[in-house]
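My numbering puts the first residue of the sequence shown at 1, with every later residue one more than the last.
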Amino acid sequence: MNRSILLVGAIAAIAVAVFLLFPRAQGVSSVDAAIKASWTTADREWLARLIQDETQKACSHYRNAPPKAVADAILARERATIVYPADGNVLGDWKKGQVLAQSGYGGRFTDIPPRAENGGNCYACHQLDAAELSFGTLGPSLLAYGKDRKFAAADAKAVYERIYNPQATIACANMPRLGASKFLTVEQIKDLVAFVMSPESPVNQ
Ligand code: HEC
């Protein structure tokens, strides 16, 4: 094969690549620009959140279905972010957890500094207490979650991990990383675990 054929081939390959990639790249960058423009009143500390971390990049790239090696890397990296309570006790106060589960407060552009503590917003995606009529269904129902698991300590720990960083259990999980993102504190997460897992909680009545 002579050189000019190779050159023509290479140019054609580049042209095809540009043709295929450019519209998508342009679409992504205009979406990024629109989101950035809408964050002008946001707390400056939030700006870092406009940049995807390694896990988010991988999940976007593989459309939430990463190959096993990538999924394993995500699970290991995210697990390393989990901070456990110093005394190892993951069960806090279920009554406080009940209030937190109902609260969707936090991260509001209009409330800087915030007026109240951030909430867990669990009902946006889950059913928990049967008495609560309004709940989302993006996540599975958690009704009787602790009771169904015989209130086992290992399951309580798993719930703590799930709330702290769901990507440590499911690579590209659809639940937010409420502890790893510093949206909720260790104490708040303990209270939420108690709401899901303790026998006295209305979730398990
Ligand atoms: C934006 C939606 C969303 C919010 C908010 C959310 N979750 Fe989830 N959660 C999910 C989804 C979806 C799953 C299923 C697995 C996945 O894709 O992450 C899940 C899974 C779970 C599981 C594991 C269920 C199982 O199958 O064993 C628990 C426990 C849980 N969530 C608790 C909570 C608690 C407590 C809160 C509030 C602090 C909360 N979630 C907030 C979407 C959400």
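Where a beta carbon is used, it is the ideal one built from N, C-alpha and C, also for glycine.
Do residue i and residue j have their CB atoms nearer than 8 Å?
i           : j              : result
valine 90   : lysine 182     : no
leucine 192 : leucine 75     : no
glycine 104 : alanine 124    : yes
alanine 71  : alanine 173    : no
leucine 184 : asparagine 118 : yes
valine 159  : proline 85     : no
Does the beta-carbon of residue i have 16 or more other beta-carbons within 10 angstroms, so that it is buried, or is it exposed?
i                 : result
histidine 126     : buried
glutamine 188     : buried
glutamate 78      : buried
threonine 137     : exposed
asparagine 204    : buried
lysine 150        : exposed
phenylalanine 195 : buried
asparagine 121    : buried
alanine 168       : buried
lysine 68         : exposed
phenylalanine 109 : exposed
lysine 190        : buried
alanine 34        : exposed
glutamine 52      : exposed
alanine 80        : exposed
alanine 65        : exposed
alanine 277       : Look at the range of the chain in this structure, 1 to 205, and you will see that residue 277 is not part of it.
message: In chain order, what are the residue ranges of uninterrupted beta strand (DSSP E) at least 3 long that sit wholly in the region 28 to 84?
response: none
query: Is the region 141 to 154 close to the region 165 to 184, with three or more CB pairs under 8 Å?
result: no
message: Does the structure place the region 196 to 203 close enough to the region 94 to 101 that three or more beta carbon pairs sit under 8 Å?
response: yes
task: Please confirm if the region 123 to 133 is in contact with the region 141 to 151, defined as three or more CB-CB distances below 8 Å between the two stretches.
output: yes
query: Hey, is the region 42 to 54 in contact with the region 158 to 169, meaning 3+ C-beta pairs nearer than 8 Å?
result: no
field: In chain order, each alpha helix (DSSP H) run of at least 4 residues that lies wholly inside the region 103 to 148
entry: 145 to 148
field: Start-end ranges of the alpha helix (DSSP H) lying completely within the region 167 to 205, minimum 4 residues
entry: 186 to 197
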